[in-house]
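Per this note's numbering, residue 48 is the first one in the sequence shown, and the count goes up by one each step. C-beta: ideal position from N, C-alpha, C; glycine also. In what follows, a structure is listed as structure tokens, so that the remarks can point back to it.
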Amino acid sequence: MKLRADGAGQQQPLIETNARQIPRSFTPDGRWLAYGSDESGKYEVYVRAVLPSGGAGGKWQVSNNGGSSPKWSRNGHDLLYRSLVQVMTVSYTINGDTFVAGKPRVWIEKMGTVVYGWDLAPDGKRALVLSPAESAEQPKPEHEVVFLENFFDELRRRAPIRK
Numbered sequence: 048m049k050l051r052a053d054g055a056g057q058q059q060p061l062i063e064t065n066a067r068q069i070p071r072s073f074t075p076d077g078r079w080l081a082y083g084s085d086e087s088g089k090y091e092v093y094v095r096a097v098l099p100s101g102g103a104g105g106k107w108q109v110s111n112n113g114g115s116s117p118k119w120s121r122n123g124h125d126l127l128y129r130s131l132v133q134v135m136t137v138s139y140t141i142n143g144d145t146f147v148a149g150k151p152r153v154w155i156e157k158m159g160t161v162v163y164g165w166d167l168a169p170d171g172k173r174a175l176v177l178s179p180a181e182s183a184e185q186p187k188p189e190h191e192v193v194f195l196e197n198f199f200d201e202l203r204r205r206a207p208i209r210k
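Take a look at the structure:
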């Protein structure tokens with residue numbers, strides 16, 4: 048897959064690989080790109096430096112037990128990602144052009160097994176998760192249809208014609 052970045056009037060490949068990649072996320076300042084890729088044989092989360100020339104700098108693996116769908120917190124110190132049913136968070140620092148990730152830790156213990164998408168709230172304290180509703184009860188029907196046989200017989204019984 049090729050992800051292209053606009054340089055000064057010219058496009059240059061940012062990432063060129065045959066590995067599958069899943070949702071990518073740029074930091075608000077545009078200096079770093081987080082993405083999921085199966086280049087190691089299973090999906091993990093990686094971070095790349097995006098150089099001003101539009102090329103790519105170094106690459107660092109952030110997750111250590113699978114990961115996808117990375118999201119940058121707005122505080123500029125945490126990267127969050129999905130790992131199976133959990134959401135993990137990694138604190139990081141930037142040292143020049145080097146990304147230094149801490150040890151991943153659990154942020155949400157169980158987000159759900161079927162998640163169509165998720166995002167981090169602007170305050171960085173909550174997550175919005177798009178998933179099917181789960182209920183212990185059977186869903187109630189939205190409409191009820193009643194068939195009444197012999198309508199006119201029933202009408203005559205309830206409202207007899209008087210002479």
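Option nearest residue i by Cα separation, candidates the options
i       : options                               : result
Asp-85  : Tyr-139, Ser-178 and Ser-110          : Ser-110
Phe-146 : Lys-89, Arg-95, Arg-209 and Gly-83    : Arg-95
Thr-160 : Val-176, Tyr-93, Val-193 and Arg-204  : Val-176
Lys-157 : Gly-123, Gln-133, Trp-165 and Val-193 : Gln-133
Val-137 : Trp-165, Trp-107 and Val-162          : Trp-107
Trp-79  : Lys-89, Asp-125 and Gly-113           : Asp-125
Pro-169 : Asn-122, Phe-198 and Ala-81           : Asn-122
Leu-127 : Pro-151, Ile-141 and Ile-208          : Pro-151
Lys-89  : Asp-76, Gly-77 and Asn-112            : Asn-112
Thr-74  : Lys-187, Ser-178, Ile-141 and Val-153 : Ile-141
Cβ-Cβ distance between residue i and residue j below 8 angstroms
i       : j       : result
Arg-129 : Ser-120 : no
Asp-144 : Gly-105 : yes
Val-92  : Gly-114 : yes
Tyr-139 : Gly-149 : yes
Ile-155 : Ala-180 : no
Where residue i falls, given that 16 or more other Cβ within 10 Å makes a residue buried
i       : result
Ser-10  : The structure shown does not extend to residue 10, since the chain spans only 48 to 210, so no value can be given for it.
Lys-118 : buried
Phe-198 : exposed
Gly-77  : exposed
Ala-81  : buried
Ile-208 : exposed
Assumed close pair residue i, residue j - CB separation to whole angstroms, cut-off 8 angstroms
i       : j       : result
Leu-195 : Glu-201 : 7 angstroms
Query - Length at least 3, wholly inside the stretch 149–183: the beta strand (DSSP E) runs in chain order - result: 152–155, 164–167 and 174–177
Query raised in the report: Which runs of the beta strand (DSSP E), 3 residues or longer, sit entirely within the stretch 83–134?
Result: 91–97, 103–108, 115–119 and 125–130
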